[in-house]
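J.: In mature numbering (1 follows the signal peptide of the UniProt record, and there is no 0), the protein residues as written are -19 to -1, 1 to 176. C-beta: ideal position from N, C-alpha, C; glycine also. Would you mind keeping the following structure in view while I ask a few things?
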């Protein structure tokens, strides 16, 4: 009898252990809309962490003191050699920006059909998301980095050469991903009410 009760108790606890909740890590800004990070697929969280580590390397240079990101929990740390922590929230492809963009996506999905709610999402959430491209050494690095400048394209006439940077493909992909997430969420939301 005791053995059966123990088996029953353990089997009831197993789903609770498997359903670990991902908490929003400490961010340098206050999100008025709290996203449910459990809705973010694990492969997307892994991509976020890869982006985070890349931004940290770019801003701090390599080697840096600390550059960690755990896709399972979304806990992260970035510390440059001089002990400073760059303002990651200002940069595209950083974890604070990915979380901010996810909050915006979920906020918009929660406000389908509510123009005022969507405007509030844009004003209160999207405006906090980082938009700057990370540049080597701008985050507090104390050593020089051997990273190269982004590829350039020639513009102008042959007599007056000039160069312009190519667009940041990662940023374009990220924006398209955000748009696709909003579209899927809106379609799912509308599908629920169509039944």
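1) Just to confirm, are residue 3 and residue 55 a CB contact at a threshold of 8 angstroms?
2) Would a C-beta distance cut-off of 8 angstroms place residue 47 and residue 39 closer than the cut-off?
3) Distance check for residue 113 and residue 101, CA to CA, integer angstroms please.
4) Would you kindly work out how many angstroms separate the C-alpha atoms of residue 28 and residue 14, rounded to a whole number?
5) First and last residue of the beta strand (DSSP E) that includes residue 50?
6) Give the straight-line distance between the Cα atoms of residue 83 and residue 64, rounded to the nearest whole angstrom.
7) Beta-carbon separation of residue 106 and residue 79 under 8 angstroms?
8) When DSSP labels each residue in this structure, what does residue 13 get in the three-state scheme?
9) Where does the unbroken alpha helix (DSSP H) through residue 103 begin, and where does it stop?
10) Just to confirm my understanding: we take residue 50, look at its own chain, exclude 5 residues before and 5 after, and list those with CB closer than 7 angstroms. What are they?
11) What residue from 52, 104, 6 has the CA that sits closest to residue 22's CA?
12) Does the Cβ of residue 7 have 16 or more other Cβ atoms within 10 Å, making it buried, or fewer, making it exposed?
T.: Let's see:
1) Taking the first residue of the chain shown as position 1, residue 3 is located at position 22. Taking the first residue of the chain shown as position 1, residue 55 is located at position 74. Cβ distance < 8 angstroms, so residue 3 and residue 55 count as in contact.
2) The residue given as residue 47 occupies position 66 in the chain shown. The residue given as residue 39 occupies position 58 in the chain shown. With contacts defined as CB atoms closer than 8 angstroms, residue 47 and residue 39 fail to qualify as a contacting pair.
3) Here residue 101 corresponds to residue number 120 of the chain shown, with the count starting at 1. Here residue 113 corresponds to residue number 132 of the chain shown, with the count starting at 1. Distance between the alpha carbons of residue 101 and residue 113 is about 23 angstroms.
4) Locating residue 28 in the chain shown gives position 47, where the first residue counts as 1. Locating residue 14 in the chain shown gives position 33, where the first residue counts as 1. For residue 28 and residue 14, the gap between their C-alpha atoms comes out near 23 angstroms.
5) Against the chain shown, residue 50 aligns to sequence position 69. Boundaries of the beta strand (DSSP E) harbouring residue 50: 47 to 50, taken from the DSSP string.
6) By one-based count along the chain shown, residue 83 stands at place 102. By one-based count along the chain shown, residue 64 stands at place 83. The alpha-carbon of residue 83 is positioned some 29 angstroms away from that of residue 64.
7) Position 125 of the chain shown, counting from 1, holds the residue named residue 106. Position 98 of the chain shown, counting from 1, holds the residue named residue 79. No, they are not a contact pair.
8) Counted from its first residue, the chain shown places residue 13 at position 32. Coil.
9) Numbered from 1 along the chain shown, position 122 holds the residue referred to as residue 103. Note, residue 103: alpha helix (DSSP H), 96 to 105.
10) Within the chain shown, numbered from 1, the residue matching residue 50 stands at position 69. If we look at residue 50 and ignore the five residues flanking it on each side, its Cβ neighbours are 30, 33, 34, 57, 76.
11) For the purposes of this step, residue 22 is taken as the residue at position 41 of the chain shown. For residue 22, the closest alpha carbon among the candidates 52, 104, 6 is that of 52.
12) In the chain shown, the residue the question calls residue 7 occupies position 26. The residue in question, residue 7, is exposed, as its Cβ has fewer than 16 Cβ neighbours within 10 Å.
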